[in-house]
Every structure is written in C-alpha cells, then in structure tokens.
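Trainee:
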Amino acid sequence: MTRLTLDHRTMPTADVGAPNPFPPIQGDASLDKSADLTAATETIRTRARYGRVATISPYLMQDGYSRERAPQRHPVAVLENEHLRATFLLNQGGRMWSLRQLSTGRELLYTNPIFQPANLALRNAWFAGGVEWNTGTIGHTPLTCAPMHAARVLGDDGVPVLRLYEFERLRRVVYQLDVHLPPGSEALFVHVRISNPNEYDVPMYWWSNIAVPQDVSTRVLAPATHAWNYSYDSILRHEPVAPGDASPVDDEVPDISYPARFSDAADFFFDLDGVRQPWIAAVDGRGAGLFQTSMANLIGRKLFRWGTSPGGRRWQEWLSGPLADPAGGYAEIQAGLAATQFEHLPMPAGAVWSWTEGYGPIALGADTAHGAWHSARAAAENFVISAVPPTRLAEIDAAAAALATREPDAWLHTGSGWGALERRLRALSGERPLDLPGTPFPDGTLGDEQQPWVELLETGRYPDPADGEFPNSVHLHPVLVGALTRSPGWAAPALAGVAKASSGDWVGAAADWEESVTRHDNAYAHRNLALAARRDGDTQAMSDEYLRALALSPSPGLAVEALGALVGIGTKHGAALAMAALDKLPLEWRLGGRLRVLEARAALAAGLAEHCAAIVTDPTLEVADLREGEESLDDLWFACQAARLAAARGIDARDEHALSALRAEAERTIALPPHLDFRMKPGSSGG
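Its first residue numbered 117, the sequence shown is counted upward by one per residue in the numbering used here.
1. Let me make sure I understand the geometry here. Which of Ile-326, Val-295, Ala-730 has the alpha-carbon closest to that of Cys-756?
2. Does the beta-carbon of Lys-700 have 16 or more other beta-carbons within 10 angstroms, so that it is buried, or is it exposed?
3. Taking Ser-671 as the reference, which of Gly-708, Leu-693, Asp-652 has the closest Cα?
4. By DSSP, does Val-365 sit in helix, in strand, or in coil?
5. When you compare the CB positions of Val-590 and Pro-263, do they come within less than 8 Å of one another, or not?
6. Out of Ala-514, Gly-445, Ala-488, which one is the CA nearest neighbour of Ser-470?
7. Ala-582 CB to nearest chain B CB: under 8 Å?
8. Among residues of its own chain, excluding the 5 on either side of Asn-136, which ones have a beta-carbon nearer than 7 Å to its beta-carbon?
9. Could you tell me whether the region 192-199 touches the region 237-253, using the rule of 3 or more Cβ pairs below 8 Å?
10. Taking Ala-266 as the reference, which of Ile-767, Thr-530, Gly-690, Arg-222 has the closest Cα?
11. Nearest CA to the CA of Leu-297: which residue from Val-269, Arg-288, Pro-735, Asp-637?
12. Going by C-alpha distance, which of Leu-596, Leu-572, Asp-400, Ser-669 is nearest Pro-329?
13. Alpha carbon to alpha carbon, what distance is there between Gly-360 and Asp-123?
14. Give me the Cα-Cα distance between Ala-599 and Ala-134, rounded to the nearest whole angstrom.
15. DSSP three-state call for Asp-123: helix, strand or coil?
16. What's the gap between the Cα of Gln-409 and the Cα of Asp-294?
17. If you draw a straight line from the C-alpha of Glu-523 to the C-alpha of Ala-625, how long is it?
18. What separation, rounded to the nearest whole angstrom, lies between the Cα atoms of Gly-824 and Leu-224?
19. Hey, which unbroken runs of the beta strand (DSSP E) at 3 residues or more fall wholly within the region 455-530?
20. Nearest-angstrom Cα distance between Met-117 and Leu-304?
21. Distance, Cα to Cα, Leu-666 vs Ala-454?
22. How would you call His-636, buried or exposed, if buried means at least 16 neighbouring beta carbons within 10 angstroms?
23. Looking at Leu-461: is its Cβ nearer than 8 Å to the Cβ of Arg-168?
24. According to the neighbour-count rule (16 or more other Cβ atoms, all chains shown, within 10 Å of its Cβ), is Asp-628 buried or exposed?
25. Could you give the uninterrupted runs of the alpha helix (DSSP H) lying entirely in the region 530-593, keeping only those of 4 residues or more?
26. Are the region 410-424 and the region 204-220 in contact at 8 Å, needing three or more beta carbon pairs?
27. Taking the DSSP output, what are the residues bridged to Arg-335?
28. Using the three-state DSSP reduction, which class does Met-177 fall into: helix, strand or coil?
29. Given a threshold of 16 other Cβ atoms within 10 Å of its Cβ, counted over all protein chains shown, does Lys-616 qualify as buried or as exposed?
30. Which of the three DSSP states, helix, strand or coil, is assigned to Thr-736?
31. Taking its Cβ as the centre, do 16 or more other Cβ atoms sit within 10 Å of Tyr-281, making it buried, or is it exposed?
32. Less than 7 Å between the CB of Arg-651 and some heavy atom of the ligand FAD, yes or no?
33. Evaluate Tyr-316 with the Cβ neighbour count: other Cβ atoms within 10 Å of its Cβ, from every protein chain shown; 16 or more gives buried, anything less gives exposed.
34. From the DSSP output, in three-state form, read off Phe-754 for me.
35. Suppose the cutoff is 7 Å on Cβ atoms and the five residues either side in sequence are ignored; what does the same chain contact list for Ile-160 look like?
36. If you draw a straight line from the alpha carbon of Ile-767 to that of Ser-379, how long is it in whole angstroms?
Right, here's the structure in full:
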C-alpha cells in the first residue's frame with residue numbers, strides 16, 4: 117500500500133532570511149563553471165558556448181543568512197510503501213531529503229543533521245544533503261531555497277502520486293516532478309517534465325544532484341571506462357576511471373571511484389557514450405548503498421568529491437557540522453541532460469521534455485563491489501538492470517507521462533505566485549498560454565512579491581515603498597516594463613532601469629535611475645547608478661553613488677557591496693573611503709565576517725598590516741557567505757604576512773617584485789590557520 121502524507125522535519129536551522137532587495141544586475145558574479153575545454157569533444161565545446169547568462173535577474177539574491185542555528189520545523193511530504201519511505205522538503209526546492217529502506221532502517225541518502233545555508237548556489241544560499249533538482253541554467257538552481265507547489269494526483273489504480281512543480285523565471289518554463297512509489301516496489305520513480313511554452317527556443321539544463329554518505333570505503337560505480345575530470349585547476353581532461361581499463365592498460369592509473377581516498381576536490385563526468393539505460397551507484401565497504409538509473413535521454417553521470425585536504429574537510433564541516441571521521445561527510449553522484457555541467461541544450465519552442473529516474477537500494481557484497489573496476493561495474497549494472505529492467509522503466513515512464521497532465525485532486529503546499537502572474541501576462545501579451553491542467557497557477561497563489569505588479573496592471577501605478585524600504589522583487593516582462601514607463605513615483609523608473617540593464621541597455625538604465633532620484637532621492641537608484649559608473653570605469657562616480665546610497669539607507673548587505681567596491685579600487689584613497697564608511701556603521705554590523713574581511717583588506721591597502729593581522733588571526737572570524745572556490749581568505753592571509761615581513765625587514769611595500777618574493781616565502785613558511793583554510797585547488801594545502 118502506498119501512502120502520501122504531510123508532516124514536519126525539525127532540525128537546527130540557520131534561516132535563509134529575506135531576499136536582498138538590490139538586484140544582481142552587475143554581471144560580474146561567478147554564475148557557473150568555466151574551464152579550459154581544449155581536450156573536450158566538439159559537441160561539448162559547442163554546447164558550452166551556448167546559453168550562458170550574465171546575471172540571474174529577475175531573481176534576487178538570498179544572502180541574508182548567518183551561522184546561528186536554532187531548531188526549526190520544515191514542512192515535508194512523505195511518500196511510502198512497504199519497502200521505502202521518501203521525504204521531500206517543500207520549502208526548499210522540493211528536495212528529496214531522505215530515502216529510507218524500511219526493512220533495514222538504512223538511510224540511502226546523506227541526510228544532513230543541520231540546515232546551514234552557504235554560498236554555493238546561483239542566488240547564493242545553498243545547503244548540503246538529499247537530492248537537489250537543478251534546472252534552467254548551469255549551477256545550483258535559483259529555487260533550491262524556495263518553496264515548491266505540491267499536490268496529490270491519483271493514478272487510475274487510486275495510488276497517490278506526489279507532484280512538485282514551479283514556474284522557472286529565468287527561462288520562463290514550467291517544470292514538474294511526479295514522484296511514483298507503486299505498491300510493493302523496491303524502487304522510487306521520479307518523472308521529470310519540462311514545458312517550454314514560449315515561441316522561441318530556450319537553453320536548458322538539468323542535473324539531479326544526489327548526496328550520499330561517505331567514508332574511506334565508499335565507492336562510486338558507473339558504466340564507463342573513462343571520465344571527464346574537472347579539478348580546480350579549471351582544465352577538463354579525459355582520463356581512465358581505474359587501473360586495468362585504460363588502453364593501453366596502465367596499472368599506475370589512480371582509481372577515482374573512491375572519493376575519500378584523494379585530498380583534492382574534483383568533478384568526474386563519466387563518459388557514458390552508447391549506454392542505453394544510464395545508471396550510477398554509491399556503495400559502502402559492505403557493497404551496499406544507493407543506485408540511480410534513468411531513461412537514455414538523461415545521459416550524464418557525475419561524481420563530485422570534496423577531498424580530504426584541510427580545505428575539503430573544512431568545507432564538509434562548514435556545511436554539515438563537525439566530522440568524527442576525517443574521511444566522512446558526503447560525496448555526490450549526479451545525473452544530467454548533457455555529458456558535462458558546462459553545457460546547455462537548445463529546447464525548441466513549445467517543446468515538452470520528460471524522462472523517468474529510478475532510485476533504490478543496491479547490495480553487491482564487499483568482494484564484488486570492491487573488486488577490479490570492470491567486474492565491479494558489471495555486477496552493479498546487472499543488479500540495477502535486474503531491479504529496474506528496461507521494459508519496466510519504459511512502462512513506468514509511459515504511465516507517468518500519461519498522468520503528467522492530469523489535474524491534481526488535492527493541494528498540499530503553495531510555492532510562488534510567479535506562475536499566476538505569468539499566466540496573466542501571457543494573456544495580455546498574446547503569448548502562448550500557461551494554462552496547463554497538470555500544473556495550475558491559480559490567482560490564490562499570488563503573494564506579497566507579486567502584489568505591486570498586480571497593482572501596476574490594474575491601476576497603471578507601481579506603488580512606491582515606504583521610506584527606507586525598496587521594491588521587493590524585479591520583473592522583466594515587456595508588458596510590465598511598458599507600464600512602468602507610464603507610472604508615477606520613484607520606484608517605477610528605478611525598476612524600469614533594472615529591466616533595461618538586465619537586457620544590456622545600461623545607457624537607458626542610467627537615465628531611468630537618474631529620473632528616479634529626481635523624483636525622490638533613494639538608495640536603490642543610487643546603488644544602481646554606482647554599478648553603471650563602475651561599468652564605465654568611473655571610480656569616482658561609483659564611490660560617490662555608493663556613499664550616497666549608504667548615507668540614505670544603510671544596511672549590512674549594501675555596506676558589504678559598497679565597501680567591497682571601494683576596496684576593490686585598489687588604491688589608498690579607495691581604502692581610506694572604505695575605512696571612513698566603516699566607522700559610520702553600527703558595531704553589530706562591523707562584527708559580521710564579511711565586513712571584518714573588508715576592513716582587513718582596507719587596512720592592508722592603507723599600509724596598516726598589523727591592523728589587518730589582528731583581524732585575520734582571530735579564530736572566531738567567519739564569513740557566513742564565503743563562496744565555493746573563493747580565495748579571499750587565504751589570499752588575504754598571505755598578503756598580510758608578506759606585508760608584515762616587508763615591514764620587519766625595512767622593505768618598501770611599493771616594491772612589487774620584492775613583495776611578490778615575500779609572498780612566496782610566506783606561502784612556503786607560514787601556515788594558513790585552519791579557520792581560514794577553504795582551499796580547493798590541487799597543491800594548495802601546503803604552507
């Protein structure tokens with residue numbers, strides 16, 4: 117018997133916080149992977165050049181979290197039968213948080229004991245654990261920390277199906293996951309459906325990211341002899357997976373299938389060319405674990421490892437709390453639409469893409485699972501194909517596809533109101549409708565973020581926020597942008613400028629922002645004018661605009677952005693402006709990790725090496741939103757140590773050649789403190 121219920125999951129939680137109201141239109145953030153693809157196939161290189169985005173507008177950033185956690189209840193949907201129980205986080209992108217085998221009590225996924233956001237996603241906030249559904253563009257989905265619509269659909273046999281769906285604003289597509297767990301089934305099936313209602317092609321991306329428990333014996337198996345290796349030297353290489361499978365045979369080839377046996381972080385995209393039913397599995401020392409398989413159109417399979425270097429372990433603990441086992445934590449096995457995560461695929465106008473994924477337990481036995489690569493993967497393939505035969509997968513897929521457009525019979529959870537607003541906008545603009553029966557977006561889902569836009573449509577006026585407040589969302593639809601140009605008030609031209617900048621018209625955007633401050637002096641437009649000035653290389657105007665914005669409406673987020681820009685000028689004058697601005701901020705804000713790092717950078721640029729050292733040597737220094745791969749902490753540490761060496765030896769700090777030599781000396785002889793060590797590049801953990 118299959119049951120679908122609603123419940124709550126309580127865990128120590130650092131709240132994501134409200135979105136940052138200042139739109140991410142600057143286009144200088146690291147939004148996705150980049151690499152030297154010289155060794156890649158022409159198909160990979162062509163797809164890697166297609167579909168890249170400069171910004172994630174109209175989404176706003178989620179960077180208001182801290183590292184202070186308290187117990188919090190998270191709404192979940194639970195789907196279970198006699199063999200499996202699957203739990204989904206409804207406010208966090210529909211992530212499958214747990215998949216438990218009931219007969220053994222074994223958890224098949226890595227289920228994080230804490231909910232701690234960190235800066236790994238397109239909108240910043242991301243958390244580790246479970247199965248994440250990534251779509252739209254390269255990177256962790258903009259909806260990973262956002263609610264999903266959830267509904268119940270009944271099959272012809274009366275068995276409940278969990279439907280999760282949402283409108284994705286960047287590509288303007290609808291995606292849904294129908295989760296099937298037939299009575300008696302020892303595998304869970306997820307039917308994914310993406311609908312492009314637009315009259316134009318859109319670049320598309322999908323990867324299902326599966327966190328699995330890791331220890332020193334964990335092995336990842338896939339039907340491949342070679343993989344595309346992407347490490348943090350940013351070079352893509354085609355390499356053998358394990359000894360004995362290379363041609364010619366090379367017994368010196370490292371066996372990359374054991375993620376906890378390497379110190380460096382890396383991605384491995386298995387080369388599954390010609391595989392008819394792709395699969396991947398992760399097993400423990402006894403040969404037991406989780407498998408994932410799918411239809412052939414979900415061809416990509418990947419292993420991600422953090423590595424066991426101090427930096428890799430630091431990241432694991434940053435995301436999940438202290439590790440009892442230095443080789444513990446989690447690894448990720450992943451499945452995607454393309455061979456690598458550098459690629460987008462063109463999705464035709466009006467197209468619907470779908471596939472079915474299967475998840476279940478695997479048990480091979482220790483000797484089999486940890487034998488030679490070719491025999492271990494053959495045994496795993498036999499197990500997966502026996503558990504989910506191609507004919508069975510095809511039957512499940514066909515039945516799921518037939519059910520995918522059926523109207524839900526019960527509403528379980530409300531996602532965003534953007535789909536409902538999009539439905540109205542399409543009706544007004546004459547575009548293809550969004551009225552899909554299986555994924556309804558009723559007006560009742562419209563919320564606070566959509567309300568000003570609804571008012572603009574109905575009255576012709578976008579309401580100005582109260583003094584000291586800002587627009588709480590951005591929209592780029594031509595109908596709304598046109599209405600903004602006719603609306604009174606200061607917020608309307610400010611938002612029209614955001615839309616123009618998002619489309620590349622920075623001259624028109626700046627004119628709109630100037631009009632906005634003419635109507636009412638406001639930090640929102642001044643901040644955006646600072647971005648325009650920075651694009652033009654006018655650091656003086658940029659500084660003036662940022663300082664004006666801070667004077668009008670100071671906030672921690674704006675302070676971090678403004679001071680980062682001032683310090684980034686790279687001059688003593690810029691550093692002095694930053695230090696002066698810091699002095700005007702509340703002490704509580706200045707104690708935040710990101711502002712402390714900016715203070716240290718400003719002090720170093722101003723020639724105050726000991727001031728910098730006092731900050732970076734403090735073991736309590738934490739930057740809550742440190743970006744994955746960011747080198748600011750170790751770079752600041754060694755730059756500070758080089759400056760201190762220069763001062764001690766009477767060397768002019770303006771002598772770049774001498775300072776470079778001292779930097780190299782510091783990296784060789786002065787250890788990076790553990791609280792600053794997030795390094796992920798090969799060979800970067802010495803010193």
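All residues carry an ideal CB built from backbone N, CA and C; glycine is no exception.
Mentor: Answer, in terms of the structure:
1. Ala-730
2. exposed
3. Gly-708
4. Low confidence applies here, because Val-365 scores a pLDDT of 49, under 50, leaving its location unreliable and the question unanswered by this model.
5. no
6. Ala-514
7. No chain B is part of this structure, which consists of one protein chain only.
8. Leu-176, Met-177, Asp-179, Gly-180, Gly-673
9. no
10. Thr-530
11. Val-269
12. Asp-400
13. 49 Å
14. 27 Å
15. strand
16. Residue identity check: residue 409 is Thr in the sequence provided, not Gln. Going from the Cα of Thr-409 to the Cα of Asp-294 covers about 16 Å.
17. 42 Å
18. This structure gives no information on residue 824, because the portion of the chain shown stretches from 117 to 803.
19. 461-463, 468-479, 526-529
20. 14 Å
21. 44 Å
22. exposed
23. no
24. buried
25. 534-545, 567-575
26. no
27. Val-399
28. coil
29. buried
30. coil
31. buried
32. In the structure shown, the ligand FAD is absent, as is every other ligand, since no ligand is present at all.
33. exposed
34. helix
35. Leu-153, Ala-455, Thr-456, Phe-458, Glu-459
36. 37 Å
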